[in-house]
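> Structure provided below as structure tokens; questions to follow.
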Amino acid sequence: MTETAAEAPPAATPPAKRSRPAQHPAKAIIVASIGNALEWFDLIVFGFLSVVISTQFFPPGNPTAALLQTLVAFGLAFLMRPLGAIFLGRYADRHGRMKAMVMSAGLMMLGTGIIAFIPTYAQIGVFATVGLVIARLIQGFSAGGEFGSATAFLAEQSPDKRGFFASWQVASQGFTTLLASAFGVGLANWLTPEQLHAWGWRIPFMFGLIIGPVALYMRRNVPETEEFEAIEPSKTPLMDVMRAHKAPLLAAIGVTVLANVATYVVLFMPSFAQRELGLPASGAFAATLVTGVVQLVLAPFAGALSDRIGRVPVMAGAGAGMLLLIWPLFAWLVASPTVATMIAVQAIYGVLLSCYFGVVPSMLCELFPTRNRTTGLSLGYNIAATLFGGFSPALIVWLIATTGSKLAPSYYVMFAAALSLSALVFAHKRFGVR
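Residue numbers (this note's numbering): 227 to 660.
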């Protein structure tokens with residue numbers, strides 16, 4: 227390796243001798259996943275119901291403009307993610323992963339509660355729009371810290387099985403995609419369009435409020451990781467990252483671009499299927515539900531495989547598959563716009579996404595030492611999410627409108643895949659990521 231000692235990510239600190247009973251692995255996974263599920267459920271529901279939400283919080287008259295404004299509001303929350311990553315990531319490295327996870331879950335509940343109960347544009351005018359944006363900013367700040375603290379907590383359960391444990395961060399996102407899609411199917415089948423627009427869209431957000439107290443209770447009663455307790459916490463984790471780990475931070479941003487873009491394309495697919503392909507809402511959500519199932523099942527296998535053969539082979543294979551197959555998949559879907567075709571496309575897409583994204587959390591953890599791990603991986607992930615993920619739906623709508631091509635989403639995914647594969651090669655050669 228050619229990097230300087232200052233830039234090289236130190237090896238993980240070995241766990242201290244146990245001074246308390248070992249925490250059951252399943253409990254650690256559930257505790258991290260339930261809060262992460264709350265974060266991502268609200269995020270995914272907002273993306274799935276963007277067409278409906280656009281009619282509730284923005285002026286009527288131009289559906290395309292209203293949808294774009296809704297997707298911009300969706301993306302604005304991502305501007306808060308780096309701030310959340312700095313504040314909550316720093317807090318986690320100084321005071322513990324679990325304390326930061328409790329704080330992020332509480333903030334997400336606040337944002338969800340605002341969306342669930344705020345009056346609509348027809349009732350209070352522009353104040354509804356402002357309230358929606360404030361709620362999304364709170365959620366963005368919360369999500370900025372959740373990924374890093376939950377990922378570090380999972381990865382530090384077992385240094386020998388980092389890939390498997392950290393992959394549950396992604397698997398839990400698959401579960402929330404599955405759950406949110408199930409809500410979408412149920413709402414589309416059981417409610418009339420009038421009922422959905424009048425009050426039905428609030429149901430998933432109210433359900434999210436039920437998850438919150440459970441997550442808070444569980445997280446308040448779980449000890450810190452032994453790997454964190456074995457070190458002397460840094461007093462300046464952000465300064466440490468910016469001073470000594472700039473190159474690993476750039477690598478973290480790069481390899482995460484594809485994971486973010488691919489994930490938010492999934493969120494956009496129900497709207498794409500309805501608006502561009504004319505598919506029924508129930509079929510569009512059912513196809514996305516398949517992606518959630520694949521991600522839930524396959525991500526832990528991808529993480530475990532990376533523990534055996536290395537992070538790079540699994541991620542490189544999946545990233546190359548995404549680069550080569552995404553355009554043919556969209557071309558097939560556009561040429562044959564049926565629910566069956568969309569289900570098949572979403573299943574294949576889900577396999578590639580799971581194999582790549584399922585390994586990303588463990589790789590990010592290994593780029594940074596324990597003392598500033600949460601700060602480093604939170605910044606890397608959330609900078610990529612802000613620049614390339616959050617505005618993906620709005621950018622795709624704009625690309626389709628500008629180019630007139632329904633294949634525009636595939637071009638953006640191909641760009642992200644090429645960028646992340648280049649960053650993966652850099653990380654492998656520069657830092658010896660195995």
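We treat Cβ as the ideally placed atom computed from N, Cα and C, and that holds for glycine. Bear in mind that the values here come from a model prediction, so they are computed numbers and not experimental data.
(1) What's the call for residue 183, buried or exposed, on a 16-neighbour Cβ count within 10 Å?
(2) Just reading off the alpha helix (DSSP H) that residue 654 is part of, what are its end residues?
(3) Residues in its own chain within less than 7 angstroms of residue 328 by CB, not counting five upstream and five downstream?
(4) Identify, in the order they occur along the chain, each residue of the same chain with its Cβ nearer than 7 angstroms to the Cβ of residue 184, setting aside the five sequence neighbours on each side.
(5) Taking residue 556 as the reference, give the member of 478, 635, 538 with the closest Cα.
(6) Closer than 7 angstroms by C-beta to residue 257: which residues in its own chain qualify, once you throw out the five before and the five after it? Chain order, please.
(7) Ignore the nearest five residues each way along the sequence and tell me which others in residue 263's own chain have a CB closer than 7 angstroms to its CB.
(8) Is the distance from the Cβ of residue 580 to the Cβ of residue 520 below 8 angstroms?
(9) Below 8 angstroms between beta carbons: does that hold for residue 440 and residue 583?
(10) Determine the DSSP secondary structure at residue 577, reduced to helix, strand or coil.
(11) Looking at the secondary structure, which residues open and close the alpha helix (DSSP H) in which residue 307 lies?
(12) If I'm right that residue 489 touches residue 572 with Cβ under 8 angstroms, what's the distance once you round it to whole angstroms?
(13) Quick check: residue 655 and residue 502, are their CB atoms within less than 8 angstroms of each other?
(14) Please name the residue, chosen from 450, 643, 369, 281, that lies closest to residue 336 on a Cα-to-Cα basis.
(15) Looking at the unbroken alpha helix (DSSP H) that takes in residue 537, where does it start and where does it end?
(16) Ignoring anything shorter than 4 residues or poking outside the region 399-429, list the alpha helix (DSSP H) runs there in chain order.
(17) Going along the chain, which residues of its own chain have a beta-carbon closer than 8 angstroms to the beta-carbon of residue 294, five neighbours each way excluded?
(18) Apart from the five residues just before and just after residue 578, which ones in its own chain have a Cβ nearer than 6 angstroms to its Cβ?
(19) Check the C-beta distance from residue 593 over to residue 478 and give it rounded, since I have them as a contact under 8 angstroms.
(20) Might you give, ordered along the chain, the residues of its own chain that have their beta carbon closer than 8 angstroms to the beta carbon of residue 247, omitting 5 neighbours on each side?
(21) Counting only the same chain and skipping the five closest in sequence on each side, list residues whose C-beta sits under 6 angstroms from that of residue 485.
(22) Could you spell out where the alpha helix (DSSP H) holding residue 368 opens and where it closes?
(23) Give the straight-line distance between the Cα atoms of residue 289 and residue 494, rounded to the nearest whole angstrom.
(24) State the Cα-Cα distance for the pair residue 301 and residue 612, rounded to the nearest angstrom.
(25) Whole angstroms is fine: what's the gap from residue 408's alpha carbon to residue 564's?
(26) Answer yes or no: do residue 589 and residue 537 have a C-beta to C-beta separation smaller than 8 angstroms?
(27) Figure out for me which residue from 266, 651, 532 has the closest Cα to the Cα of residue 386.
(28) Alpha carbon to alpha carbon, what distance is there between residue 526 and residue 226?
(29) How big is the Cα-Cα spacing for residue 496 and residue 522?
(30) According to DSSP, is residue 604 helix, strand or coil?
(31) So, are the CB atoms of residue 450 and residue 323 less than 8 angstroms apart?
(32) Could you tell me the alpha carbon to alpha carbon distance between residue 500 and residue 261, rounded to whole angstroms?
(33) Could you tell me whether the Cβ atoms of residue 665 and residue 463 are closer together than 8 angstroms?
(34) Can you tell which of 433, 465, 524 has the C-alpha that lies nearest to the C-alpha of residue 266?
(35) Would you say residue 608 and residue 373 are within 8 angstroms of each other, going by their C-beta atoms?
(36) Considering only residues of the same chain and omitting the five flanking positions on each side of residue 643, which have a CB-CB separation below 6 angstroms?
This is what the structure gives:
(1) No answer is possible for residue 183: it lies beyond the span of the chain, which begins at 227 and ends at 660.
(2) Position 428 of the sequence shown, counted from the first residue, corresponds to residue 654. Residues 634-657.
(3) One-based indexing of the sequence shown puts residue 328 at position 102. Same-chain partners within the cutoff: 442, 445, 446.
(4) A question about residue 184 goes unanswered here, because the residues of the chain that appear run from 227 up to 660.
(5) Counted from its first residue, the sequence shown places residue 556 at position 330. Closest by alpha carbon: 635.
(6) Taking the first residue of the sequence shown as 1, we reach residue 257 at position 31. Only residues of its own chain outside the window of five on either side were considered, and among them 444, 445, 448 have a CB closer than 7 angstroms to the CB of residue 257, listed in chain order.
(7) For the purposes of this step, residue 263 is identified with residue 37 of the sequence shown, where counting begins at 1. Apart from sequence neighbours up to five positions away, the residues of its chain that approach residue 263 with a beta-carbon distance below 7 angstroms are 398, 401, 402, 437, ordered along the chain.
(8) On the sequence shown, position 354 is the one that residue 580 refers to. On the sequence shown, position 294 is the one that residue 520 refers to. One thing to note: residue 580 has its Cβ within 8 angstroms of the Cβ of residue 520.
(9) What you label residue 440 is simply residue 214 of the sequence shown in a count that begins at 1. What you label residue 583 is simply residue 357 of the sequence shown in a count that begins at 1. At least 8 angstroms separates the beta-carbon of residue 440 from that of residue 583.
(10) Reading the sequence shown from its first residue, position 351 is the one you call residue 577. DSSP places residue 577 in helix when its eight states are reduced to three.
(11) Looking up residue 307 in the sequence shown gives position 81. Looking at the DSSP string, the run of the alpha helix (DSSP H) that includes residue 307 is 307-321.
(12) Taking the sequence shown and counting its residues from 1, one reaches residue 489 at position 263. Taking the sequence shown and counting its residues from 1, one reaches residue 572 at position 346. Contact between residue 489 and residue 572 does not hold, since their C-beta atoms are separated by about 13 angstroms, which reaches or exceeds 8 angstroms.
(13) Within the sequence shown, numbered from 1, the residue matching residue 655 stands at position 429. Within the sequence shown, numbered from 1, the residue matching residue 502 stands at position 276. Taking 8 angstroms as the cut-off, the Cβ atoms of residue 655 and residue 502 do not count as close.
(14) By one-based count along the sequence shown, residue 336 stands at place 110. Residue 369 holds the alpha-carbon nearest to the alpha-carbon of residue 336 among 450, 643, 369, 281.
(15) In the sequence shown, the residue the question calls residue 537 occupies position 311. That run of the alpha helix (DSSP H) goes 537-561.
(16) List check, alpha helix (DSSP H) in window: 419-424.
(17) What you label residue 294 is simply residue 68 of the sequence shown in a count that begins at 1. 620, 623, 624, listed in sequence order.
(18) Counted from its first residue, the sequence shown places residue 578 at position 352. Answer for residue 578: 544, 547, 548, listed in chain order.
(19) As a working note, residue 593 is residue 367 in the sequence shown. As a working note, residue 478 is residue 252 in the sequence shown. With a Cβ gap of about 6 angstroms, residue 593 and residue 478 count as contacting.
(20) Sequence index remark: in the sequence shown, residue 247 carries index 21 (1-based). Note that residue 247 scores 48 on pLDDT, short of 50, meaning its location in the model is unreliable and no value can be drawn from it.
(21) Position 259 of the sequence shown, counting from 1, holds the residue named residue 485. So the qualifying residues of the chain are 583, 586.
(22) Here residue 368 refers to the residue found at position 142 when the sequence shown is read from its first residue. Looking at the DSSP string, the run of the alpha helix (DSSP H) that includes residue 368 is 352-381.
(23) Here residue 289 refers to the residue found at position 63 when the sequence shown is read from its first residue. Here residue 494 refers to the residue found at position 268 when the sequence shown is read from its first residue. Taking the straight line from one Cα to the other gives about 16 angstroms.
(24) Within the sequence shown, the letter at position 75 stands for residue 301. Within the sequence shown, the letter at position 386 stands for residue 612. Between residue 301 and residue 612, the C-alpha separation is close to 8 angstroms.
(25) For the purposes of this step, residue 408 is taken as residue 182 along the sequence shown, with counting starting at 1. For the purposes of this step, residue 564 is taken as residue 338 along the sequence shown, with counting starting at 1. When rounded, the distance between both Cα atoms is 19 angstroms.
(26) Numbered from its first residue, the sequence shown carries residue 589 at position 363. Numbered from its first residue, the sequence shown carries residue 537 at position 311. Cβ atoms of residue 589 and residue 537: closer than 8 angstroms.
(27) On the sequence shown, residue 386 is found 160 positions in, with the first residue counted as 1. Ranked by Cα distance from residue 386, the first of 266, 651, 532 is 532.
(28) A query on residue 226 cannot be resolved here, the shown segment of the chain reaching from 227 to 660 and no further.
(29) Position 270 of the sequence shown, counted from the start, is the residue given in the question as residue 496. Position 296 of the sequence shown, counted from the start, is the residue given in the question as residue 522. Using only the alpha carbons, I get a separation of about 19 angstroms.
(30) One-based indexing of the sequence shown puts residue 604 at position 378. Note: residue 604 maps to helix in three-state DSSP.
(31) The count along the sequence shown starts at 1 and reaches residue 450 at position 224. The count along the sequence shown starts at 1 and reaches residue 323 at position 97. Yes. Within cutoff.
(32) For the purposes of this step, residue 500 is taken as the residue at position 274 of the sequence shown. For the purposes of this step, residue 261 is taken as the residue at position 35 of the sequence shown. Answer to the nearest angstrom: the Cα atoms are 31 angstroms apart.
(33) No answer is possible for residue 665: it lies beyond the span of the chain, which begins at 227 and ends at 660.
(34) On the sequence shown, residue 266 is found 40 positions in, with the first residue counted as 1. Per the C-alpha coordinates, the member of 433, 465, 524 positioned closest to residue 266 is 433.
(35) Position 382 of the sequence shown, counted from the first residue, corresponds to residue 608. Position 147 of the sequence shown, counted from the first residue, corresponds to residue 373. Judged by their CB atoms, residue 608 and residue 373 are nearer to each other than the 8 angstroms cut-off.
(36) Position 417 of the sequence shown, counting from 1, holds the residue named residue 643. Cβ within range, chain order: 484, 545, 548, 549.
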